[in-house]
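Okay, so the sequence shown: first residue is -6 according to this note's numbering, each after it adds one.
Using N, Cα and C, we set each Cβ at its ideal position, and we do this for glycine too.
Computed from a prediction, not measured in an experiment: that's the story for all the values here.
These notes are about the structure you will find just below.
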Amino acid sequence: MNIIWNADKYAKDFSFVHQYGNGVLELIDTDNAKTAIDLGCGNGVLSGKLRDMGLDVIGIDSSPEQLAIARRDFPDINFIEADAISFEVNKPVDVIFSNAVFHWIDKDKQSNMLHSIHASLVKGGQLVFEMGGYGNNMLIHRELSKAFNRRGLKYRIPFYFPTIGEYAAMIEKEGMLVTYAILFDRPTALNGDEGMNDWIRMFIRTPFKDVDKETENEIINETAENLRNDLFKNGTWYSDYVRLRMKAIKP
-6 MNIIWNADKY
4 AKDFSFVHQY
14 GNGVLELIDT
24 DNAKTAIDLG
34 CGNGVLSGKL
44 RDMGLDVIGI
54 DSSPEQLAIA
64 RRDFPDINFI
74 EADAISFEVN
84 KPVDVIFSNA
94 VFHWIDKDKQ
104 SNMLHSIHAS
114 LVKGGQLVFE
124 MGGYGNNMLI
134 HRELSKAFNR
144 RGLKYRIPFY
154 FPTIGEYAAM
164 IEKEGMLVTY
174 AILFDRPTAL
184 NGDEGMNDWI
194 RMFIRTPFKD
204 VDKETENEII
214 NETAENLRND
224 LFKNGTWYSD
234 YVRLRMKAIK
244 P
């Protein structure tokens, strides 16, 4: 996930990402938990929430741009720059929490990440997370694919969106026991008249890597216009999110 984030715009226009993470926090059993990792902590907002729950938290992220904001806004929290696939900690923790991160990891690297998570949890430790699930943003990706194809270009969804059964099996193969899982639709309002265009520019990066700027703008504008009937409602753009929320325990 080698992306250079516009961290200030992310915090300003896409705050719904961490706001929806508040519901995931409710899955954490804090009765016997004292330490936590916020894996893929981004700008640190949810790390702050974990701290407010009474947990001694470490934030881990691979983006120096996001971590700069996290360290500025939460100077009392320890933030570490590391890759979710291969991170290590000096001492295992009671909770590993993650929101809107796992789908950025390629499918063939998921087992590496889950192995690192297992190694970083104490016996009885909790993995609590939400990620994009099967069918996530399918309308958007479908229209982007059509726009690429019309120009003789190939579009590949740059994310991994598994089913419950698929991902539960991967977790349990790495030695953890899934205790809660739900896959659900969550249409999400976007900010501004250019909400869909801005969303695509923020999150759909790698498919445009070898596309010139003029063609990129054409594709984004065309895609947004073709999505208008489905995802523009009462003056507001929506993204067609589907989320996979799960909890697992290390026996």
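Selection from the options that minimises the alpha carbon distance to residue i
i      : options                        : result
Ala140 : Tyr173, Ala75, Glu123, Asn210  : Asn210
Trp230 : Glu187, Asp203, Met239         : Glu187
Ile53  : Gly16, Phe152, Gly41           : Gly41
Ala217 : Lys240, Thr156, Val204, Asn130 : Asn130
Asn71  : Lys100, Ala77, Leu60, Ile150   : Leu60
Ala75  : Pro68, Asp87, Ile51            : Ile51
Ile78  : Ile197, Phe196, Leu32, Leu39   : Leu32
Arg149 : Ile213, Glu207, Pro200         : Pro200
Glu167 : Leu120, Leu176, Leu220         : Leu120
Ala161 : Ile193, Met124, Ala182         : Met124
Arg236 : Asn83, Ala174, Leu114, Gly228  : Ala174
Ala182 : Lys202, Gly228, Leu137         : Gly228
Pro244 : Arg221, Glu165, Asn219, Leu176 : Glu165
Gly47  : Gly37, Asp22, Pro57            : Asp22
Lys202 : Val17, Gly16, Ala63, Pro151    : Pro151
Ser138 : Phe177, Ile193, Trp97, His96   : Ile193
Leu132 : Arg238, Met189, Ser56          : Met189
Asp45  : Thr208, Met195, Asn15          : Asn15
Leu114 : Glu19, Leu220, Thr156, Lys84   : Lys84
Asn219 : Phe177, Glu136, Leu176         : Glu136
Phe177 : Phe67, Arg238, Phe95           : Arg238
Which of helix, strand or coil DSSP assigns to residue i
i       : result
Leu39   : helix
Asn(-5) : Because the pLDDT at Asn(-5) is just 48, under 50, the model does not fix this residue reliably, and the point stays unresolved.
Ile110  : helix
Ser79   : coil
Arg64   : helix
Gly188  : helix
Thr181  : strand
Lys2    : Bear in mind that the predicted position of Lys2 carries a pLDDT of just 49, short of 50, making it unreliable; the figure below should be weighed with that in mind. Reduced to three states, the DSSP call for Lys2 is helix.
Leu220  : helix
Arg44   : helix
Arg194  : helix
Pro117  : The sequence shown places Gly at residue 117, rather than the Pro named in the question. Strand.
Gly16   : helix
Glu74   : strand
Ile227  : Note that residue 227 is Asn in the sequence shown, not Ile. Reduced to three states, the DSSP call for Asn227 is coil.
Asp49   : strand
Asn105  : helix
Ile164  : helix
Thr172  : strand
Lys240  : strand
Arg23   : A small fix is needed here, since residue 23 is Thr in this sequence, not Arg. Thr23 falls in the coil class under three-state DSSP.
Ile30   : strand
Ile89   : strand
Straight-line Cα distance separating residue j from residue i
i      : j      : result
Arg65  : Arg143 : 45 Å
Asn25  : Gly35  : 26 Å
Ile242 : Asp205 : 46 Å
Leu224 : Tyr127 : 19 Å
Lys147 : His134 : 12 Å
Ile30  : Gly145 : 44 Å
Asp191 : Ile197 : 10 Å
Leu39  : Gly185 : 24 Å
Asp233 : Lys116 : 37 Å
Lys100 : Val171 : 19 Å
Thr28  : Asp69  : 15 Å
Glu58  : Val86  : 26 Å
Glu81  : Ile213 : 39 Å
Phe274 : Gln103 : Shown here, the chain extends from -6 to 244; a query on residue 274 therefore has no answer.
Arg179 : Ile73  : 31 Å
Thr156 : Trp97  : 15 Å
Lys240 : Thr208 : 42 Å
Asn105 : Arg221 : 39 Å
Practice problem: Please list the segments of the alpha helix (DSSP H) lying wholly inside the stretch 121 to 162, counting only runs of 4 or more residues, in order along the chain. | Solution: 131 to 143
Practice problem: Please confirm if the stretch 73 to 92 is in contact with the stretch 106 to 124, defined as three or more CB-CB distances below 8 Å between the two stretches. | Solution: yes
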